[in-house]
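Read the structure below first, then the notes.
Residue numbers (this note's numbering): 895 to 1071.
In structure tokens, the structure reads:
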């Protein structure tokens, strides 16, 4: 019969403090499995130790590791990163990042705001040259989005979205000509 090790993990023991420190750094599901492997314990034993030491559940928003993750997501998003880039940085899906941002009360940007002006177009031009050309053709030469799209060999929705991101009002009849 294997002796249970949970009695070795007291609040002020070396193992207990190491366990608490490691648990508080965890930020997502699967932590009990990781802890079980690291400390050579069974998963139910990890659960008992966690309860005995009064450690918060990972799904609790006040869990230290969860707080750190939420703060990191907020910081990245407020730096005008897209949810997809934030998701890659924290190894999550963009849907989960969206949910966590909404849960924290962060107002999500519309898709065209994020970083569209910095994204290179698909026609091989640099983003700044593409944006400058669109602005010049639209404002200075009075062309509509469809005409600009023909000149730049791109979709007219791409032109409209760039104009919108530059905060330039588009003509309402640009699709009619």
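Note that CB positions come from ideal geometry on N, CA and C, so glycine has one too.
CB residue 998 to CB residue 968, shorter than 9 Å? yes
Tell me which same chain residues have a C-beta within less than 7 Å of the C-beta of residue 950, skipping the five on either side of it? 956, 957
Every unbroken alpha helix (DSSP H) inside the stretch 923-964 [4 residues or more]: 925-933, 937-946
Go through the stretch 965-998 residue by residue and report every complete run of the alpha helix (DSSP H) that reaches 4 residues or more, in order. 977-984, 988-997
Of all the options 912, 978, 984, which has the alpha carbon lying nearest to the alpha carbon of residue 1003? 978
From residue 1019 to residue 929, what does the alpha carbon distance come to, in whole angstroms? 50 Å
Buried or exposed: which applies to residue 971, given that a residue is buried once 16 or more other Cβ atoms fall within 10 Å of its Cβ? buried
Nearest to residue 1060 by CA position, among 1021, 1048, 945, is which residue? 1021
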